[in-house]
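In the working numbering, the protein residues as written are 61 to 154.
Written as structure tokens, this is what we have:
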């Protein structure tokens, strides 16, 4: 799984997404997707379920959508089984 210190860093970036450059968010999603692919996509996804109620252009929803899309491309399969129902709509179609 992911080290607690890294998880805190990711959560901090996620919480400040509105104030962070989009390039930082993109690179964070890229790095985190690669890391999660090596650890069975284990992440506390339920912490981010509220983004499904945000605008389609909110920074947090864009981050989660990009992360899920990158994870799905790395896994070559649908990730719906490991996601809370609230986040399944952000996943790429199978």
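Using N, Cα and C, we set each Cβ at its ideal position, and we do this for glycine too. Keep in mind that this is a model prediction, so the values were computed, not measured.
If you draw a 10 Å sphere on the C-beta of residue 88, you find 16 or more other C-beta atoms in it, and that means buried. Rounded to whole angstroms, the separation of the alpha carbons of residue 107 and residue 114 is 14 Å. Here residue 71 is exposed, its C-beta having fewer than 16 other C-beta atoms within 10 Å. Here DSSP, grouped into helix, strand and coil, assigns residue 99 to coil. For residue 104, there is no enclosing alpha helix (DSSP H), as DSSP marks it with neither H nor E.
In this structure, the CA atom of residue 103 is about 17 Å from the CA atom of residue 112. Using a 10 angstroms sphere on the CB of residue 90, the tally of other CB atoms stays under 16, which defines it as exposed.
Residue 143 carries a coil assignment under DSSP once its states are collapsed to helix, strand and coil. Here the C-alpha atom of residue 81 lies approximately 13 Å from the C-alpha atom of residue 118.
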